[in-house]
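*Asks:*
2 protein chains.
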Amino acid sequence: MRWKQTFIPTVKEDPQDAEAVSHKLMVRAGLIRRLSSGAYTYLPLGRKILRKAEAIVREEMNLAGAVELLMPALHPAELWKKTGRYDDMGEVMIKFTDRHGREITLGPTHEEIVTDLVSREIRSYKDLPVTLYQVQTKFRDELRPRFGIVRSCEFLMKDAYSFDADQEGMEISYKKMYDAYRRIFERCGLPYLIVEADPGLMGGTVSHEFMIPCEIGEDRIVTCASCGYAASTEVAEAKGEAGSSFGKPEAKEKEIVSTPGKSAVHDVCAFLKSSPEKLIKTLIYIADDVPVAVLIRGDHQANEAKIKKALKVRGLELADGKKVEEITGSGIGYSGPIGLDIKIIADNAVRNMVNAVCGANEKDKHILNVNPAIDFQPGLWADIRVITESDPCPRCGEKIEMKSAVEIGHTFKLGTKYSSVLGASYADDKGAMNPLVMGCYGIGVNRILASLIETSHDKDGIIWPASLSPAEVVVIPVKMDDEEVFGTAEKIYDELSGAGIDVIIDDRDRSVGIKFKDADLIGFPVQVVIGKKSLAEKKVEVITRRGKASDLVDRNDFIDKIKSILQ
Amino acid sequence: MRWKQTFIPTVKEDPQDAEAVSHKLMVRAGLIRRLSSGAYTYLPLGRKILRKAEAIVREEMNLAGAVELLMPALHPAELWKKTGRYDDMGEVMIKFTDRHGREITLGPTHEEIVTDLVSREIRSYKDLPVTLYQVQTKFRDELRPRFGIVRSCEFLMKDAYSFDADQEGMEISYKKMYDAYRRIFERCGLPYLIVEADPGLMGGTVSHEFMIPCEIGEDRIVTCASCGYAASTEVAEAKGEAGSSFGKPEAKEKEIVSTPGKSAVHDVCAFLKSSPEKLIKTLIYIADDVPVAVLIRGDHQANEAKIKKALKVRGLELADGKKVEEITGSGIGYSGPIGLDIKIIADNAVRNMVNAVCGANEKDKHILNVNPAIDFQPGLWADIRVITESDPCPRCGEKIEMKSAVEIGHTFKLGTKYSSVLGASYADDKGAMNPLVMGCYGIGVNRILASLIETSHDKDGIIWPASLSPAEVVVIPVKMDDEEVFGTAEKIYDELSGAGIDVIIDDRDRSVGIKFKDADLIGFPVQVVIGKKSLAEKKVEVITRRGKASDLVDRNDFIDKIKSILQ
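Those protein sequence lines, which keep their order, are chains A and B. Everything in the first sequence is counted per our numbering, starting at 1 for the first residue and increasing by one. Everything in the second sequence is counted per our numbering, starting at 1001 for the first residue and increasing by one.
Okay, here's the thing in structure tokens:
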């Protein structure tokens, strides 16, 4: 690769629209450019890194026995309607009507499509197991595209789908993908964590997220240093009751008090000289069209994934002001469980609250000294809140830590959710028809780049592992007008290429200062510097990007040195 | 590659919806499946062939000095509006509005996007020349998707764009791409022709199409065996006047005759006992909103590309019945040049017509003995018809041939059409700003597959060249339950893999008849058959797919034999 020919527009200043380090560095290093909100062009170096990530993904998929295909991005809407996800996906799914009046969606994922395909082609247990994958562009109309390529409307995804005869088979296929994912992220040099997660819209029971802890993470995860437990906050069981059982004083007499204009937890507490852990928040949700009151301690956060699971519903939405008034008789902020004739579900942490505060279902009124089981009886007690840092580890009881993380992979045990609806079944050895048991497995290929940068950079720029770097080595001639220097640089470039090393020569007629700055910014793992002084000693300078260690190496012996750094 | 694991659903019967041989064979060989009109899934073997084609394209692009990037498919409509192509593209461009109310188009090509990118990044003549390319999915809402992947709504395109300081530079960049295209199609084993073509909507002056002559071709091309001339019928100059100057008899007196209900050329001629070459067809077009009468000899076909060029207009559409009546006073079929007060353009072949027939601009009336220059005078004479097989070669005057062909590549000398509108300019060595001079270059990667099959198959199936075949060799064990046979097949499979040959083993528990049929159908270049009888003689059977030559080869010496066939 030659620098001049390669179109590498590096930039000195951070782009104004960028919040994330990775976004800033990708623009500055000339890897990406924004076309419009959520749509990015990969410039030549960015494209090359993306292709290296794709290649690692493909190699490991193939090794794990998965087979590559390529499905369209244009999907007939009817397949999505069959599984109900046409509506469930909401506005994130791009929909339009073609010139023939057909409803088309732009694929945000491919469960419907691949299951429909397989339903027509797989007939017998002899055709199983099969795992199919593709590396393909997905489209999502994101509400808020963010962090450059991390949350964009168009992105490259590796999505795989396994089809097995039974649960046991699926577990084996799942394990193969799970292990392949570990190898992929290891080869990419990513400090990943695997967490138990909520399958959400995808369906199925068990899922694992592959997460990169970093500042820009939009997901929150829980980890335990003692036992190694790791989970997304969506599923981590909240077991702590600290602050709930405060000495069990006797239940006092209920009392309605006036709280004019105080509807937020914080305001109510300040006004009543109470504290959030003594207040019962009552949230009115619409769960599959039915109103439900959800009770959560004032200092806790409702966990919609857990609420859905506890209620066994598909749709869950907070009721708007009008609905809340219809149901409770008052506006948002004054709801309470007493006298409410809709289903009530309460978080476990509410159970031990004594003489608590809650809304009176009347504007500007709250009730003091409310006691669960005495003053109201929920239809269901469950763990429906988000775990907090003061909760114990759900597995070992020790202290947990909470982190932000970016999801780069997600594996799902889907079971028969799609195959039964779309009629994907096979004949077993007795001729009986059974639905295929599925798993699905996604990797956000673009996110590999961004999350690597988030976790591997310094003040000067990116630090790529050799496996992903746009070139393993950059050759920097110090003076372009010195025949010996430039000629030697060209020779060294050829020698490195000849040795199978991916190399770029900085053949620009620019100062060596700019060349060093750009090499550091882009983050090639090794810089080979050819200068007059070192050449006089028959040496070249070899700099390792990580740590900036510099070595004068024998002109005739530098390739081994470089190979050892690259490993 | 192992057959059982690879998901290769071959089919015995031709699919009902397929007209083209390539379409039928791609479905039968388990390469593709239709998802919906114009959208196809590439099954594992199809995906592999597509990836081999992509790899050849990339290698040759890189060798020619082009650099790969990746641009989004989601385009802001405003860029397309700037160049006017938002409207010009018409219904073929997919358009929708995102959740934020932004108008988005799905990229059918990328001139606007790449020029906008370059306009922000290239500043100086020192940054030039640059040629950028991508292998990316395009979207077009085709009126009539056809022939499987030949005309589909979603397809893989290699599109390249060159940027130069001046015309001379562009010619050099153009030549590099042109030569790379030749190498690509040669490596793919395609019998391509290069023809001069009409740039159409793309713009610019000169363009070349890379065509594969075959039955399903939707384009028509002209070739000359004598001088090697080749052109699309859209641009091939029609020089013949045969039948036009019939002895120059004296001009007779004009005469209006009644032709009740005779509006089609054929009917008028039959009724008047005349012949099409004695009739002047008068077509009313709307050219950039202005009506124009186009005169063509009755046996010739109007060429809209030539008419546009001659009139120097962008839009050209046949007027509807209502418009024709407004303009001529009569319905379609009775128009004529005499007494018409709109612009008239006449084809050169009309010039020498004597005592011809034309419409009278009155319902059910024609005029006999009409003579150009005497009875009417067109504003413009030009070559505006489609060349016919009786025309001479425009270059050498010899006999021409006409063929149908599929376009697999198209190169355009765009000039400054896009750069001037989108402000893509550079500072020359004196600091003056100049628009970039562009070329653009497209290859329909999917079409490589279909056109190869169209030109390389027999009654049993496809015949792939080694460069594109989903595997170079298929190993066929004759009996699966014979340990020696199957064990040797596995060994041979390993030996071939070890020798760097791309090989598949048919490890299915199926009859050898089915295995042969499928191997022939899919079209692997070489079949290695392991049977009990030949093994006893320490031999294996090596069959060449093309021609079905079979050879018994020494068990220990077969790899060289195979390598020589593959070359």
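Backbone N, C-alpha and C define an ideal beta-carbon position, used for all residues, glycine too. Bear in mind that the values here come from a model prediction, so they are computed numbers and not experimental data.
Which same chain residues, not among the five before or five after LEU1074 of chain B, have their C-beta less than 6 Å away from its C-beta?
*Replies:* Locating residue 1074 of chain B in the second sequence gives position 74, where the first residue counts as 1. The answer, listed in chain order, is ILE1104.
*Asks:* Run through DSSP, which three-state label would ASP1560 of chain B get?
*Replies:* In the second sequence, the residue the question calls residue 1560 of chain B occupies position 560. Reduced to three states, the DSSP call for ASP1560 of chain B is helix.
*Asks:* Mind pulling the beta strand (DSSP E) runs of 3 or more residues that sit fully within the region 428 to 476 of chain A?
*Replies:* Whole beta strand (DSSP E) segments, 3+ residues: 433 to 435, 437 to 444.
*Asks:* At 3 residues or longer, and completely inside the region 1336 to 1384 of chain B: list those beta strand (DSSP E) runs for me, N to C.
*Replies:* Runs of the beta strand (DSSP E) inside the region 1336 to 1384 of chain B: 1343 to 1347, 1356 to 1359, 1365 to 1370, 1380 to 1382.
*Asks:* Smallest Cα separation from TYR125 of chain A: which of A:GLU317, A:ASP164, A:ARG508?
*Replies:* Locating residue 125 of chain A in the first sequence gives position 125, counting from the first residue. Nearest option by C-alpha distance: A:ASP164.
*Asks:* What residues of chain A sit near CYS1153 of chain B, judged by a beta carbon separation below 8 Å?
*Replies:* Stepping through the second sequence from its first residue, residue 1153 of chain B is reached at position 153. Simply LEU74, ASP98.
*Asks:* Please classify LEU468 of chain A: is it buried, with 16 or more other beta-carbons within 10 angstroms of its beta-carbon, or exposed?
*Replies:* Counting from one through the first sequence, the residue named residue 468 of chain A turns up at place 468. Buried: at least 16 other Cβ atoms inside 10 Å.
*Asks:* With distances taken from CA atoms, which of B:PRO1009, B:ASP1141, B:LYS1158, B:ARG1102 is nearest ASN1062 of chain B?
*Replies:* Position 62 of the second sequence, counted from the start, is the residue given in the question as residue 1062 of chain B. Among B:PRO1009, B:ASP1141, B:LYS1158, B:ARG1102, the Cα nearest to that of ASN1062 of chain B is on B:LYS1158.
*Asks:* My output table needs one value for ARG51 of chain A: the three-state DSSP class, helix, strand or coil.
*Replies:* Counting from 1 along the first sequence, the entry for residue 51 of chain A is found at position 51. Reduced to three states, the DSSP call for ARG51 of chain A is helix.
*Asks:* Which chain C residues are close to VAL1292 of chain B, counting only those with a beta carbon under 8 Å from its beta carbon?
*Replies:* Here chain C cannot be found, since the structure's protein chains are A and B.
*Asks:* List the whole-angstrom C-beta distance separating ASP116 of chain A from LEU422 of chain A, where the pair is believed to meet the contact cut-off of C-beta under 8 Å.
*Replies:* Here residue 116 of chain A is taken as the residue at index 116 of the first sequence, counted from 1. Here residue 422 of chain A is taken as the residue at index 422 of the first sequence, counted from 1. The Cβ separation is near 6 Å, so the contact holds.
*Asks:* Could you give the distance in angstroms between the alpha-carbon of GLY439 of chain A and the alpha-carbon of SER511 of chain A?
*Replies:* In the first sequence, residue 439 of chain A corresponds to position 439, counting from 1. In the first sequence, residue 511 of chain A corresponds to position 511, counting from 1. Using only the alpha carbons, I get a separation of about 54 Å.
*Asks:* Closer than 8 Å by beta-carbon distance: list the chain B residues that pair up with VAL67 of chain A, in chain order.
*Replies:* Position 67 of the first sequence, counted from the first residue, corresponds to residue 67 of chain A. Here the neighbours are GLN1005, THR1006, PHE1007, PRO1044.
*Asks:* Nearest by alpha-carbon distance to LEU43 of chain A: which of A:LYS81, A:ASP509, A:ALA29, A:ASN348 is it?
*Replies:* Locating residue 43 of chain A in the first sequence gives position 43, where the first residue counts as 1. Nearest C-alpha to LEU43 of chain A: A:ALA29.
*Asks:* Measure from the C-beta of SER1635 of chain B to each C-beta in chain A and report whether the shortest distance is under 8 Å.
*Replies:* As displayed, chain B neither begins before 1001 nor continues past 1567, which places residue 1635 of chain B out of reach and without an answer.
*Asks:* Anything in chain B within Cβ reach of THR41 of chain A, meaning under 8 Å, just list it in chain order.
*Replies:* Along the first sequence, one-based indexing puts residue 41 of chain A at 41. Neighbours of THR41 of chain A on chain B, chain order: LEU1069, LEU1070, MET1071, PRO1072, ILE1113, LEU1117.
*Asks:* Within the chosen definition, does the region 528 to 544 of chain A reach the region 487 to 507 of chain A through at least 3 CB pairs nearer than 8 Å?
*Replies:* Result yes; three or more Cβ-Cβ pairs closer than 8 Å.
*Asks:* Looking at C-alpha atoms only, which residue of B:GLU1186, B:GLU1401, B:SER1425, B:TYR1285 is the closest neighbour of ALA1236 of chain B?
*Replies:* Here the question's residue 1236 of chain B lines up with position 236 in the second sequence. Ranking the options by Cα distance to ALA1236 of chain B, first place goes to B:GLU1401.
*Asks:* Which one or two residues does DSSP pair with VAL553 of chain A in a beta bridge?
*Replies:* Working through the first sequence from its first residue, we reach residue 553 of chain A at position 553. The partner list for VAL553 of chain A (beta bridge, DSSP) reads A:VAL540.
*Asks:* What are the boundary residues of the alpha helix (DSSP H) that includes THR1488 of chain B?
*Replies:* Along the second sequence, one-based indexing puts residue 1488 of chain B at 488. Residues 1483 to 1498.
*Asks:* Where do the ends of the beta strand (DSSP E) carrying ALA39 of chain A lie?
*Replies:* What you label residue 39 of chain A is simply residue 39 of the first sequence in a count that begins at 1. Per DSSP, ALA39 of chain A belongs to the beta strand (DSSP E) from 39 to 42.
*Asks:* What are the residues that DSSP puts in a beta bridge with HIS1075 of chain B?
*Replies:* Along the second sequence, read from residue 1 onward, the residue named residue 1075 of chain B stands at position 75. HIS1075 of chain B pairs with B:THR1105.
*Asks:* Kindly list the residues whose CB is nearer than 8 Å to the CB of LYS363 of chain A, restricted to its own chain and excluding five residues on each side of it in sequence; keep chain order.
*Replies:* For the purposes of this step, residue 363 of chain A is taken as the residue at position 363 of the first sequence. SER330, GLY331, TYR334, listed in sequence order.
*Asks:* Could you work out which residue in A:LEU70, A:GLY107, A:ALA319, A:GLY101 is closest to TYR86 of chain A when comparing CA atoms only?
*Replies:* In the first sequence, residue 86 of chain A corresponds to position 86, counting from 1. Selected option, being the one with the closest Cα: A:GLY107.
*Asks:* With three or more C-beta pairs closer than 8 Å as the rule, is the region 1031 to 1048 of chain B touching the region 52 to 69 of chain A?
*Replies:* Segments in contact, yes.
*Asks:* Any C-beta of chain A within less than 7 Å: which residues of the region 1081 to 1107 of chain B qualify?
*Replies:* Answer in chain order: GLU1091, ILE1094, PHE1096, ASP1098, ARG1099.
*Asks:* In whole angstroms, what is the alpha-carbon distance linking ASP1520 of chain B and PRO1477 of chain B?
*Replies:* Position 520 of the second sequence holds residue 1520 of chain B. Position 477 of the second sequence holds residue 1477 of chain B. Looking at the two C-alpha atoms, the distance is approximately 15 Å.
*Asks:* Alpha carbon to alpha carbon, how far is MET202 of chain A from ILE1530 of chain B? Give it in angstroms, no decimals.
*Replies:* Numbered from its first residue, the second sequence carries residue 1530 of chain B at position 530. Numbered from its first residue, the first sequence carries residue 202 of chain A at position 202. Cα to Cα, ILE1530 of chain B sits roughly 47 Å from MET202 of chain A.
*Asks:* For the region 1369 to 1376 of chain B against the region 1192 to 1200 of chain B, are there 3 or more C-beta pairs whose distance is under 8 Å?
*Replies:* Segments in contact, no.
*Asks:* What residue does the alpha helix (DSSP H) around ALA520 of chain A start on, and which one ends it?
*Replies:* Translated into positions along the first sequence, residue 520 of chain A becomes position 520. It should be noted that the sequence gives Asp, not Ala, for residue 520 of chain A. Here the alpha helix (DSSP H) through ASP520 of chain A covers 512 to 522.
*Asks:* Taking only beta carbons into account, state which residues of the region 1026 to 1041 of chain B come closer than 7 Å to chain A, listed in chain order.
*Replies:* So the list reads ARG1033, LEU1035, SER1036, ALA1039, TYR1040, THR1041, given in the order they occur along the chain.
*Asks:* With H, G and I counted as helix, E and B as strand and the rest as coil, what does DSSP make of THR1259 of chain B?
*Replies:* Position 259 of the second sequence, counting from 1, holds the residue named residue 1259 of chain B. Coil at THR1259 of chain B, not helix or strand.
*Asks:* Looking at ILE1338 of chain B: is its Cβ nearer than 8 Å to the Cβ of VAL1292 of chain B?
*Replies:* For the purposes of this step, residue 1338 of chain B is taken as residue 338 along the second sequence, with counting starting at 1. For the purposes of this step, residue 1292 of chain B is taken as residue 292 along the second sequence, with counting starting at 1. No.
*Asks:* Measuring alpha carbon to alpha carbon, tell me which residue in B:GLY1415, B:SER1456, B:PHE1516, B:SER1425 is nearest THR1205 of chain B.
*Replies:* Numbered from its first residue, the second sequence carries residue 1205 of chain B at position 205. That would be B:GLY1415, whose Cα lies nearest to the Cα of THR1205 of chain B.
*Asks:* Nearest to ILE194 of chain A by CA position, among A:GLN301, A:CYS224, A:GLU171, is which residue?
*Replies:* Translated into positions along the first sequence, residue 194 of chain A becomes position 194. When only C-alpha atoms are compared, the closest one is A:CYS224.
*Asks:* Would you mind giving the Cβ-Cβ distance between ILE1504 of chain B and VAL1528 of chain B, rounded to the nearest angstrom? I have them listed as a contact below 8 Å.
*Replies:* Along the second sequence, one-based indexing puts residue 1504 of chain B at 504. Along the second sequence, one-based indexing puts residue 1528 of chain B at 528. With 8 Å as the limit, ILE1504 of chain B and VAL1528 of chain B do not qualify as a contact, their Cβ atoms being about 11 Å apart.
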